[in-house]
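Residue numbers (the numbering used here): 10 to 137. Written below as structure tokens is the structure these notes are about.
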């Protein structure tokens with residue numbers, strides 16, 4: 010991964026953390042890793058844990074952030090979430106879901122849009 014892509018991803022995650030706070034989420038973990046992969050952010054809201062993938066795009070050349078969530082990526086997100094739950098909450102049966110935070114920046118790097126998809130099956134909430 011190139012340095013500019015890493016920087017873009019870090020910026021997106023920082024913006025996502027701020028947005029989650031505005032949406033009423035409590036951050037539980039960032040960049041949690043296990044054998045199955047990594048989850049960008051884990052947050053809680055109304056007793057529901059959400060495992061968020063943060064997708065950041067600059068401009069429209071590579072398509073929208075939402076388009077980058079493939080069935081394979083979704084399956085990996087679920088495997089990581091199940092691993093986290095088994096490790097951290099083995100005796101509990103918490104409510105949980107998979108979510109996406111889609112961030113679009115213009116070519117100069119200015120924020121254009123942050124959309125939260127708190128459940129991959131739901132409509133998004135746009136903050137900006």
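Even for Gly, the Cβ is constructed at its ideal location relative to N, Cα and C. Note that the structure is a prediction, hence the values are computed from the model and not measured.
- The beta-carbon separation of residue 127 and residue 59, rounded to 6 Å, stays under the 8 Å limit for a contact.
- If you draw a straight line from the Cα of residue 92 to the Cα of residue 99, it comes to about 10 Å.
- Taking residue 33 as the centre and dropping the five residues before and after it, the same chain places the C-beta of 54 closer than 6 Å to its C-beta, in chain order.
- Buried is the label assigned to residue 22, since at least 16 other Cβ atoms lie within 10 Å of its Cβ.
- When C-beta atoms of the segment 113 to 127 are compared with those of the segment 80 to 91, fewer than three pairs fall below 8 Å, so the two segments do not count as touching.
- Between residue 65 and residue 17 a beta carbon distance of about 5 Å is seen, short of the 8 Å cut, so the two are scored as contacting.
- Annotated as distal: residue 114 and residue 83, with beta-carbon spacing of 8 Å or more.
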